[in-house]
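Peer 1: Following this message is one structure expressed as structure tokens.
Numbering (our numbering), first residue to last: -16 to 380.
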């Protein structure tokens, strides 16, 4: 997003306050942001706040003194690389589709040639109304990008579809759309993520500390590069990335089935999931009652990555390894033993790397190349580096 010029247009939905965080997150990713507001939206969120967060005056009134010599709405329209309406109310969606240009928002969106993105948010009945759906479908046909609203508790006191997604999800969706390239167009990438869970009884399970952040960041970056992405995920608290085929699993065996059943149709497999080494031999059908001690008999789970390496044909296979010592030595052994094209070896003995943190570090290991050290960085940045390696592997395949 660095260097992108983005207009965030705010209409008068009750979720207008969320647009403040959207602007903040876009700026943190390096985008330059200018804000346009409808007059009514200023009763919900303060233009002063948007001005401070964006670093630019907020455009509201068509007839106020302009901040430059160009006509204001035309100047904004030509400045933008992307135009985002968040939240997009039923009213503003209808006006845009009808071609009504009677305020700063509707005139600038009509004048701009930049790609346009709408984040609808409204009452469930308003969203499901055939007129709203007709308007949204018509805008899609005109090339507008529409983010599906979330389901949840709404300001009107009901639970249903129409809720504005969280700002993090909105910005991730925008990034996947705005920063999209065609480097991996026509390539199918399967990514695994999260930590598998092995049930002890209907309530308890054996798990690990994986948050899924690394795998999800890789899936998002693969989408941005134009790949067809299948995300096979163990349970996490993360929102599903936009643009992926999402396959939820829980245990190691269910992940194995999901991956192997799709293996022949994919070009790249990135096994970022933390897969349980063992599972419980005899799972209890009912909750086990509290007792002084308990003995569980565990059996070894299949090594999914090694199994894929043994049957590899055209696929590029990338694994992950979490080590606390001898990171390169142990990692190189896995590269050869599991027939990998690349291994991301993480040193999880450090507090700022590995599970449940936003950063990671380690090495990229290969069968026929020297290791490449990765200094501590955000997992999003590491995902970008990993996918750049994938691009090179695909080119040289």
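Note that the Cβ used here is the ideal one computed from N, Cα and C, for glycine as well.
Tell me whether residue 295 sits in a helix, a strand or coil according to DSSP, three-state version.
Peer 2: By 1-based counting over the chain shown, the position of residue 295 is 312. Residue 295: coil per DSSP, three-state reduction.
Peer 1: Which residue from 60, 91, 101 and 94 puts its Cα closest to that of residue 71?
Peer 2: Along the chain shown, one-based indexing puts residue 71 at 88. Of the listed residues, the one whose Cα sits closest to residue 71 is 101.
Peer 1: So what does DSSP say about residue 26, is it helix, strand or coil?
Peer 2: Locating residue 26 in the chain shown gives position 43, where the first residue counts as 1. Reduced to three states, the DSSP call for residue 26 is helix.
Peer 1: Using C-beta distances below 7 Å, list every residue in its chain close to residue 204, excluding the 5 sequence neighbours before and after it, in chain order.
Peer 2: Taking the first residue of the chain shown as position 1, residue 204 is located at position 221. Once the five neighbours on either side are set aside, the close Cβ partners of residue 204 are 366, 367 and 370.
Peer 1: Can you pull the DSSP bridge partners for residue 231?
Peer 2: By 1-based counting over the chain shown, the position of residue 231 is 248. Beta-bridge partners of residue 231 (DSSP): 216.
Peer 1: Just the Cα atoms here: how many angstroms apart are residue 45 and residue 356?
Peer 2: Locating residue 45 in the chain shown gives position 62, counting from the first residue. Locating residue 356 in the chain shown gives position 373, counting from the first residue. Approximately 54 Å between the Cα atoms of the pair.
Peer 1: Sort out for me which residues DSSP pairs residue -12 with in a bridge.
Peer 2: Position 5 of the chain shown, counting from 1, holds the residue named residue -12. Paired residues: 15.
Peer 1: Less than 8 Å between the CB atoms is what I'm expecting for residue 430 and residue -10, so what's the real figure, rounded?
Peer 2: The requested residue 430 does not occur in the structure, where the chain is confined to residues -16 to 380.
Peer 1: Taking 8 Å as the cut-off, decide whether the C-beta atoms of residue 19 and residue 130 are in contact.
Peer 2: Your numbering for residue 19 matches position 36 in the chain shown. Your numbering for residue 130 matches position 147 in the chain shown. Taking a C-beta distance under 8 Å as the contact criterion, residue 19 and residue 130 do not qualify as a contact pair.
Peer 1: For the 8 Å Cβ check, are there 3 or more pairs between the segment 345 to 362 and the segment 309 to 317?
Peer 2: Contact between the segment 345 to 362 and the segment 309 to 317 is present, because at least three Cβ pairs lie under 8 Å.
Peer 1: Where do the ends of the beta strand (DSSP E) carrying residue 175 lie?
Peer 2: The sequence position of residue 175 within the chain shown is 192, counting from 1. Counting along the chain, the beta strand (DSSP E) containing residue 175 begins and ends at 171 to 176.
Peer 1: Got a sec? Which residues, its chain only, sit under 7 Å from residue 52 by beta carbon, not counting five neighbours each side?
Peer 2: One-based indexing of the chain shown puts residue 52 at position 69. Its pLDDT being 37, under 50, residue 52 is placed unreliably by the model, and nothing is read from it.
Peer 1: Might you give, ordered along the chain, the residues of its own chain that have their beta carbon closer than 7 Å to the beta carbon of residue 96, omitting 5 neighbours on each side?
Peer 2: Position 113 of the chain shown, counted from the start, is the residue given in the question as residue 96. Counting only Cβ-Cβ distances below 7 Å, and skipping sequence neighbours, we find nothing.
Peer 1: For a test of the three-state rule: what should DSSP assign to residue 51, helix, strand or coil?
Peer 2: Mapped onto the chain shown, residue 51 falls at position 68. Because the pLDDT of residue 51 is 49, which lies under 50, any placement of that residue in the model is unreliable, and the number read from its coordinates should be weighed accordingly. Note: residue 51 maps to coil in three-state DSSP.
Peer 1: In whole angstroms, give me the CA-to-CA distance for residue 183 and residue 142.
Peer 2: Working through the chain shown from its first residue, we reach residue 183 at position 200. Working through the chain shown from its first residue, we reach residue 142 at position 159. Straight-line Cα distance between these residues: approximately 34 Å.
Peer 1: Which residue wins for smallest C-alpha separation from residue 229, given the options 239, 216 and 324?
Peer 2: Numbered from 1 along the chain shown, position 246 holds the residue referred to as residue 229. Ranking 239, 216 and 324 by CA distance to the CA of residue 229 puts 216 first.
Peer 1: Does the distance from the CB of residue 261 to the CB of residue 227 come in under 8 Å?
Peer 2: If you number the chain shown from 1, residue 261 lands on position 278. If you number the chain shown from 1, residue 227 lands on position 244. Taking 8 Å as the Cβ cut-off, residue 261 and residue 227 do not qualify as a contacting pair.
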